[in-house]
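A.B. asks:
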Amino acid sequence: QLSYSPLVPIISKKPKKVLILGSSGLSIGQAGEFNYSGSQAIKALREKSIQTLLINPNIATVQTSKGMAN
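Okay, so the sequence shown: first residue is 1 according to full-length UniProt numbering, each after it adds one.
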């Protein structure tokens with residue numbers, strides 16, 4: 001079993017806000033994976049009460065839906 005314990009905490013305190021950057025042009029077959037992973041990241045941060053700011057030039061994604069990111 002592998003484990004890792006850093007000597008110094010990687011994040012010393014919980015962030016209040018996180019900036020999420022969307023990608024630029026996506027190739028066929030990549031859009032779904034990127035959309036899913038980004039949406040899951042936003043949901044996980046929301047569960048931890050961390051605000052998210054999304055900058056994504058592609059408006060045709062779930063991430064840009066109303067109520068997804070702050």
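We treat Cβ as the ideally placed atom computed from N, Cα and C, and that holds for glycine.
1) What residue range does the beta strand (DSSP E) around lysine 48 cover?
2) For isoleucine 42, is the classification buried or exposed, using 16 other Cβ atoms within 10 angstroms of its Cβ as the cut-off for buried?
3) What did DSSP end up calling isoleucine 42 once you bin it into helix, strand or coil?
4) If you drop the 5 nearest sequence neighbours on each side, which residues of the same chain put their C-beta closer than 8 Å to that of isoleucine 50?
5) How about leucine 53 and isoleucine 10: are their beta carbons less than 8 Å apart?
6) Could you tell me the alpha carbon to alpha carbon distance between asparagine 35 and alanine 44, rounded to whole angstroms?
C.D. replies: In terms of the structure at hand:
1) Element bounds for lysine 48: n/a, residue is neither H nor E.
2) Burial state of isoleucine 42 is buried, judged by a 10 Å Cβ sphere holding 16 or more other Cβ atoms.
3) Residue state for isoleucine 42 is assigned as helix, using DSSP reduced to three classes.
4) The residues Lys14, Pro15, Lys16, Lys17 and Val18, in chain order, have a CB closer than 8 Å to that of isoleucine 50 in the same chain once the five nearest residues on each side in sequence are set aside.
5) Contact: no.
6) One C-alpha to the other measures close to 14 Å.
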